[in-house]
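Worksheet for the structure shown next.
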Amino acid sequence: MTELHWEGKYKDGKKVAPVRLALPFQTVETINESAADRKRNLESLFGNPNKPTEWRNRLIWGDKKYVLPSLLPEFAGKVNLIYIDPPFDTGANFSFTATIADHPDTDEDETTSFVKEPSMIEQKAYRDTWGRGLDSYMQWFYETIVLLRELLAEDGSIYVHLDWHVGHYAKAIMDEVFGYENFRSEIIWKRTTAHSDAKYYGMNYDQILFYTKSEKATFNTVYQPYDDDYIARFKNSDPNGRKWTDDNLTAKGLSGGGYEYEYKGAKSLWRMPIETMKRLDSENRLHFTSKGGIRLKRYLDELPGMPSQALWLDINAINSQAKEKINYPTQKPEPLLERIIKASSNEDDLILDCFCGSGSTAAVSERMKRRWITCDLGRFSIHTARKRFLGIANVKPFVVQNLGKYERQQWMVNELTLDGGLKNASEVEKRAAIENQYRNFILELYHAKSISGYTWLHGAKAGRLVHVGSVDAPVSNDDVKRMVQEFWKTVGKNTDQKSNGIDVLGWDFAFELNETASQFAAANKIDLKFKKIPREVLERKAVEQGDIKFFEMASLGLKVKTSKNQVSVTLDNFMIPPDDVPQEVQSKITHWSQWVDYWSIDWNFKEDTFHNEWQSYRTRQNTKIELTTGKTYDKPGKYTILVKVIDILGNDTTKAVQVEIKG
Ligand SMILES: C[S@@+](CC[C@H](N)C(=O)[O-])C[C@H]1O[C@@H](n2cnc3c(N)ncnc32)[C@H](O)[C@@H]1O
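Right, here's the structure in full:
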């Protein structure tokens, strides 16, 4: 068979296959879950782990390189439709425009925006794709398509949205993976109006390659508007403007006879009995010609349209005024997705898009009563999509997931190598050695020096001590207590280690790690700083380039009031440590609340996962955000309220508060 070759396709005579490591997903948030469903899920979690839980649509934050193989164990052969719109032109796909809303006390519209440059990890993904030009893109695309084909059901379909940059190479790869015989159409979508500045022919279209896994694929006829020539045939119109053309009603020349009678002076051999003729007349569907004949009126607005062809001229790109526009540069129009989803799936079918962007595929799937899974590696995409889904009336409950600690554990095992001398050591010793290496690695990135002889304190930097959180678990209140105790028991007395503070580095921080830890530290006269270990640490390139930054956690102030069975929560303050933010953004923010893009509350956090039960967020149409909300509890008791804030840069900060409801 004719085959496309690129550098890196074969190694030792074999095609290089995609990574097939299946990692478990972690649910970091559920959205719109009812109290009853939540209780049921909790029971099945703790009661019978094998009891199947109900289907939840899934928004996954992660690289498709890890997400797709991790979906295989559960979904191989089960996805009915895939639509992807992979990045294919420049790295610009990764930058995003963040919006700063008005100061809450002004009435004028002073909303401004700024472009947030891609994060290291996004740039890394871009380099993976384009690092060696077209060759690496081809390999990246090939690996994606191989896994997607495995996920598709036997009667499933895939649509790949591309343009002239790589579209024709992609066609060759799709033929190789899906089989030439399973190619169905190349849809040409006219994306823009004419480019008057083009030197040659204006490139005003995208290509969408449509393949099915087999002959058995689902396909429902979809319709496009008629073209102008066809519409021109509807020359007549009723007084109310309805356009129609006329059609013969006589049965002359037809085999099979007809009905001979006279109706309103017109005698002929008709196609239908007189009762039908009377009914059509009463419905104003008859046209009495000037020559005394009767013809049938065919109304344009009653015809379904033209069965869709591969040339799509009738769907407009999203313009700056479009209602659906959400400031995501590569957002595709909903009518485009609607046509694809209607044609190649049915209600309840499962639809996958591993390049979620602003979430168009999932949003339309949701509206059309399909199930969906979508992923993206960009923080801003996940945040944009979550808000978009929340804006859909009666959106079904969905979950936000990632591969969190499993990805990190994998990294620790793969990237950190054991000292040769430990070959015969016990598993516990090996693990301790790897963990030690891991901590030293993080300390080095943090430009701290490693110290020994302590359990909870691992390094020192600029007069402060440093704790490195484990890859497996969030830093907890207990961890903090132990660090502080160790600090005073040992370091405090030791004149060599003069320090009044600890920098606590962690991948995650326990939700309840709030004032309790800080108050405890303050009471013990220790200044604590919590800093996030960035995900870029896992990326060798980022590490080599020395681009790793440890950002201090934002601080979130809440006012909580209880009265009988009611609680009110007010966002009182929100501060992002200043060195994390571009100067031009700092200068535009005059009130702390302008940092907040979205906040949500779990009124009864149960140590399982964050259940989003209430939220307020800014949209393009409504840039205002509520700062106070309340809840009436049904039963007295002690509750943990968890508040999550997402700032305009897409980072989240969570805080827990305890309340007691007396009833
Ligand atoms: C062209 S946009 C998709 C736009 C989307 N169709 C919409 O209507 O909003 C491509 C998306 O792919 C994401 N992306 C790029 N590389 C990725 C990867 N390796 N894994 C997951 N997502 C990736 C980017 O963050 C970007 O959001």
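The sequence shown begins at 0 in numbering that gives the first Met the number 0 and counts up by one. Don't be surprised by glycine CBs; every beta carbon is placed ideally from N, CA and C.
- Counting other Cβ atoms within 10 Å of its Cβ, E606 stays below 16 and is therefore classed as exposed.
- Boundaries of the alpha helix (DSSP H) around Q585: Q582 to K587.
- Looking at the backbone, the Cα of Y9 and that of D134 are separated by about 12 angstroms.
- The secondary-structure analysis by DSSP pairs M202 with nothing; it has no beta-bridge partner.
- About 5 angstroms separates the CB atoms of I317 and K324; that is less than 8 angstroms, so the two are in contact.
- Inclusion of Q330 in the 7 angstroms shell around ligand 1 follows from its C-beta lying nearer than that to a non-hydrogen atom of the ligand.
- When DSSP states are grouped into helix, strand and coil, P306 belongs to the strand group.
- Residues of the same chain with a CB within less than 6 angstroms of the CB of K630, apart from the 5 flanking positions on each side, are V566 and W602 in chain order.
- Out of S69, V536, K368 and C353, the CA that lies nearest to the CA of E337 is found in K368.
- In this chain, M574 is not harboured by any alpha helix (DSSP H); it is covered by the beta strand (DSSP E) spanning Q565 to M574.
- In the three-state reduction of the DSSP assignment, Y597 falls in the strand class.
- Assigned with DSSP and collapsed to three states, H382 falls in helix.
- Within the same chain, N79, L80, T217, I350 and R369 come within 7 angstroms of S344 by CB-CB distance, once the 5 residues on both sides are set aside.
- Checking the DSSP bridge columns, you'll see G636 partnered with I660.
- Counting every other CB atom within 10 Å of its CB across the protein chains shown gives H446 a total below 16, marking it as exposed.
- In this structure, I501 places its C-beta atom within 8 angstroms of the C-beta atom of I525.
- Less than 8 angstroms divides the Cβ of L161 from the Cβ of Q206.
- The continuous stretches of beta strand (DSSP E) do not include V483, which lies in the alpha helix (DSSP H) extending over residues N476 to K488.
- In this structure, the C-beta of L402 stays at least 7 angstroms away from each heavy atom of ligand 1.
- In this structure, G390 has its CB at a distance of at least 7 angstroms from all heavy atoms of ligand 1.
- Judged by DSSP secondary structure, I532 falls outside any alpha helix (DSSP H); it is assigned neither H nor E.
- Of the candidates E149, V656, L421 and L20, V656 places its Cα closest to the Cα of L512.
- Relative to the non-hydrogen atoms of ligand 1, the Cβ of S425 never comes closer than 7 angstroms to any of them.
- Judged by the Cβ position, P68 fails to qualify as a neighbour of ligand 1 at the 7 angstroms threshold, every heavy atom of the ligand being at least this far.
- Boundaries of the beta strand (DSSP E) harbouring I59: N56 to W60, taken from the DSSP string.
- For Y437 and V474, the gap between their C-alpha atoms comes out near 16 angstroms.
- In the DSSP assignment, the residues bridged to C374 are I59.
- By the CB criterion at 8 angstroms, R190 and N203 fall inside the cutoff.
- Setting aside the 5 residues that flank it on each side, Q223 is surrounded in the same chain by G304, M305, S307 and D313, each with a C-beta closer than 6 angstroms to its C-beta; the list follows chain order.
- Inter-residue distance for V658 and L557 is about 13 angstroms (C-alpha atoms, whole angstroms).
- According to the DSSP assignment, W139 belongs to the alpha helix (DSSP H) that extends over L133 to L150.
- Taking the Cα positions, E333 is about 21 angstroms away from G155.
- Residues of the same chain with a CB within less than 6 angstroms of the CB of V398, apart from the 5 flanking positions on each side, are T26, T29, R55 and R57 in chain order.
- The beta carbon of F354 sits closer than 7 angstroms to at least one heavy atom of ligand 1.
- Judged by DSSP in its simplified three-state form, N611 adopts strand.
- In the three-state reduction of the DSSP assignment, E551 falls in the strand class.
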